[in-house]
Amino acid sequence: MLNPAHIRSQFPILSREMNGRPLVYLDHAASAQKPVAVIEAQREYLMHLHANVHRGVHSLSQQATDAFEKARETVRRHLNAAFTEEIIWTAGATDAINLVAQSWGRTHINAGDVIVVTRMEHHANIVPWQMLAEERGARLEVVEIHETGDLIEADFQVKLKMNPKLVALLHVSNTLGTINDVKRWTREAQEVGAKVLVDGCQSVPHMDVDVQAIASDFYVFSGHKTYGPTGIGVLYGKKELLESMPPWRGGGEMIDTVSFEKGTTYAGLPHKFEAGTPHISGAIGLGVALDWMRGVGVKAIGDHENTLGAQARQLLGKVEGLRFIGTSEDKTGVVSFVVDGVHPYDIGTLLDPMGIAVRTGHHCTQPLMDFYDIPGTVRASFGAYNTLQEVDVLAAGVERAVRMLR
Ligand SMILES: Cc1ncc(COP(=O)(O)O)c(C=O)c1O
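Position 161 (the sequence shown) corresponds to 161 in this note's numbering; numbering is contiguous.
Put into structure tokens, the structure is as follows:
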């Protein structure tokens, strides 16, 4: 059990007022707020440790490099990856997926090949594959979902019979909260020879993730959803696979030697994929964020959010005409809903003056909105710092907003 009051005291932004009311921040799935430990780690780095990494013989550069590489090791430990070289810093999950599409994809995807995604993917795990498929003359196949927001097992098996080269699927849906059994799906996809990329944007902030147990070829997540800074994310890839892939972006940091006469040779992992000066303070902040999560207890965070989600569903379920989108039995605390005859955007707009920050719209999952035939949902998503009282405020706010709009 975590202590929400103690947790909240570590998040300065939560003592802000918004529109004259206490801020009720229920938009964790879009971006998490940051604990003091993360803010201070970045500040400390900028105040006392900043120099460019890897290139300097001077002590400050070496200290900055040590802090930067220590953060990489923290990520390795957090994901239980076998090797530190398997952790590639990226600008975020979107950047990580594009890296795989451009490096692995342009090497291995050819005309007529099949790439499998699912109906519930975030646009970040759709568009890079659409772009690649268009360029290479490949085909995108989509695993469909049940009304509950669960993937249709039989449809997945149909798609596997097409011998896909790649299966790209999310671990947890940002809109529905559905938790996919990525370990089993990875195994089944790999049995037909596919590589598997798992989008862990909504799993790493809420549950323990063991990339060796899942055994996917790639796993990606974003720092800013895991209590860390923006502009930093991670691509995990199996070492042998990453070693076999060509670099994507060229420039400094990723080379071994550069010569006009003899051409360029590339650095080894992980630097081969990290051209240019990285987001050093971001990486350090992310390492501290993951340590912070471990300190609180990753399971305790997930359990707490599930309690909030259950309470939210119970209270919101009483609002007339309200329908939940995403009712899988295996889901995280995130709560998405629509209300008959009321546009989601209008509910969000009326909640804002009450200090309540929820997200409304398609949540970068337009194909999912097409399936449910809705323009969007209202989504409340929770982090370690949210409380049952905030859920009460949300439910009362939604009730009031709906009354005003009818
Ligand atoms: C499931 C999922 N995948 C990918 C992304 C993209 O993350 P980013 O914008 O940090 O690259 C998000 C962000 O909302 C997400 O929720």
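All residues carry an ideal CB built from backbone N, CA and C; glycine is no exception.
Would you kindly work out how many angstroms separate the C-alpha atoms of residue i and residue j, rounded to a whole number?
{"i": "H171", "j": "I280", "result": "27 angstroms"}
{"i": "D346", "j": "M245", "result": "47 angstroms"}
{"i": "V100", "j": "L49", "result": "32 angstroms"}
{"i": "L286", "j": "V57", "result": "26 angstroms"}
{"i": "D66", "j": "T257", "result": "23 angstroms"}
{"i": "H123", "j": "L60", "result": "40 angstroms"}
{"i": "A215", "j": "A41", "result": "32 angstroms"}
{"i": "I126", "j": "G105", "result": "13 angstroms"}
{"i": "T175", "j": "V342", "result": "19 angstroms"}
{"i": "G177", "j": "E305", "result": "11 angstroms"}
{"i": "E253", "j": "P270", "result": "10 angstroms"}
{"i": "A51", "j": "E274", "result": "17 angstroms"}
{"i": "R294", "j": "N19", "result": "34 angstroms"}
{"i": "V319", "j": "D199", "result": "33 angstroms"}
{"i": "G321", "j": "E329", "result": "22 angstroms"}
{"i": "R400", "j": "R323", "result": "17 angstroms"}
{"i": "G361", "j": "E261", "result": "54 angstroms"}
Within 7 angstroms: the Cβ of residue i and any heavy atom of ligand 1?
{"i": "L99", "result": "no"}
{"i": "S222", "result": "yes"}
{"i": "N125", "result": "yes"}
{"i": "N306", "result": "no"}
{"i": "A32", "result": "no"}
{"i": "N180", "result": "no"}
{"i": "L26", "result": "no"}
{"i": "Q202", "result": "yes"}
{"i": "G435", "result": "A question about residue 435 goes unanswered here, because the residues of the chain that appear run from 1 up to 406."}
{"i": "G279", "result": "Going by the sequence as given, residue 279 is His instead of Gly. The answer is no for H279."}
{"i": "N19", "result": "no"}
{"i": "N163", "result": "no"}
{"i": "L170", "result": "yes"}
{"i": "A29", "result": "yes"}
{"i": "H362", "result": "no"}
{"i": "H206", "result": "no"}
{"i": "G376", "result": "no"}
{"i": "G233", "result": "yes"}
{"i": "H122", "result": "yes"}
{"i": "D199", "result": "yes"}
{"i": "N110", "result": "no"}
{"i": "N174", "result": "yes"}
Starting from the C-beta of residue i, find all residues in its chain whose C-beta is less than 7 angstroms away, skip the five residues before and the five after it, and write them out in chain order.
{"i": "T387", "result": "P4"}
{"i": "Y25", "result": "L14, Q33 and A357"}
{"i": "H108", "result": "K165"}
{"i": "M354", "result": "R21 and G397"}
{"i": "T327", "result": "T148 and G149"}
{"i": "P128", "result": "I97, N98 and A101"}
In the DSSP output, which residue or residues are listed as bridge partners for residue i?
{"i": "A380", "result": "V335"}
{"i": "I145", "result": "L151"}
{"i": "A357", "result": "Y25"}
{"i": "E17", "result": "P22"}
{"i": "I255", "result": "Y266"}
{"i": "V198", "result": "L169 and Y219"}
{"i": "G237", "result": "F218"}
{"i": "I97", "result": "None, per the DSSP bridge assignment."}
{"i": "F324", "result": "F337"}
{"i": "T230", "result": "T230 is not bridged to any residue."}
{"i": "R400", "result": "BP columns for R400 are empty, so no partner."}
{"i": "I88", "result": "L235"}
{"i": "V116", "result": "E141 and V167"}
Answer yes or no: do residue i and residue j have a C-beta to C-beta separation smaller than 8 angstroms?
{"i": "L235", "j": "T84", "result": "no"}
{"i": "M207", "j": "S173", "result": "no"}
{"i": "A168", "j": "I115", "result": "yes"}
{"i": "A93", "j": "V182", "result": "no"}
{"i": "A267", "j": "I284", "result": "no"}
{"i": "V335", "j": "A312", "result": "yes"}
{"i": "W248", "j": "Q389", "result": "no"}
{"i": "G317", "j": "P344", "result": "no"}
{"i": "V117", "j": "L151", "result": "no"}
{"i": "L405", "j": "V209", "result": "no"}
{"i": "P278", "j": "V53", "result": "yes"}
{"i": "R418", "j": "A96", "result": "Within the shown structure, residues of the chain are numbered from 1 to 406, placing residue 418 beyond reach of any answer."}
Among residues of its own chain, excluding the 5 on either side of residue i, which ones have a beta-carbon nearer than 6 angstroms to its beta-carbon?
{"i": "R8", "result": "L14 and Y385"}
{"i": "F415", "result": "Absent from the model: residue 415. The displayed extent of the chain is 1 to 406, so no value can be given."}
{"i": "L308", "result": "G333, F382, N386 and V391"}
{"i": "G223", "result": "P229, I232, G233 and L286"}
{"i": "R359", "result": "D27, A30 and R379"}
{"i": "K195", "result": "L166 and D217"}
{"i": "L315", "result": "A395"}
Is the Cβ of residue i closer than 8 angstroms to any Cβ of chain C?
{"i": "D217", "result": "Judged by its chain identifiers, the structure shown contains no chain C, having just a single protein chain."}
For residue i, collect the residues of the same chain with a Cβ closer than 8 angstroms to its Cβ; drop the 5 residues on either side in sequence, then sort them by chain order.
{"i": "F11", "result": "Q33, K34, P35, V36 and Y385"}
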